[in-house]
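Using my numbering, read the sequence shown as starting at 30 and increasing by one per residue.
A short write-up of the structure that comes next.
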Amino acid sequence: MPKGWALPENTKFSKKGSRKKIKTKVIDYLKQFFLNSNLNPKDKLIAKELYEELLELAHSGEIDEDHVPKVTTIQNWIE
Numbered sequence: 030m031p032k033g034w035a036l037p038e039n040t041k042f043s044k045k046g047s048r049k050k051i052k053t054k055v056i057d058y059l060k061q062f063f064l065n066s067n068l069n070p071k072d073k074l075i076a077k078e079l080y081e082e083l084l085e086l087a088h089s090g091e092i093d094e095d096h097v098p099k100v101t102t103i104q105n106w107i108e
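Next up, the structure:
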């Protein structure tokens, strides 16, 4: 083993838990959209439509555009 392998600057940490998390305010909006679609099945939104709704909220200033998750993230959240 090379010398200095245990020094902090040489230590490699896993990236577990370093994923970007969905902000609480965004989750609240997603829950609201999801519950509204459960009340009226004809108003059911798919992940792409939920993404577009969140983008509209971001453009209006309700949430930060950086906090809008990807469509695949929303799809995983729905399932």
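Cβ atoms here follow ideal geometry from the backbone N, Cα and C, with glycine treated the same way.
- Within the same chain, Cβ atoms closer than 7 Å to the Cβ of L84 are found at V97, the five residues on either side in sequence being excluded.
- Here V55 is near I92, since their CB atoms are less than 8 Å apart.
- With respect to the 8 Å criterion, L59 and L79 are classified as neighbours on the basis of their beta carbons.
- Around the C-beta of I75, fewer than 16 other C-beta atoms lie within 10 Å, and the residue is accordingly described as exposed.
- Of the candidates K77, F62, S89, the residue whose Cα lies closest to the Cα of K99 is K77.
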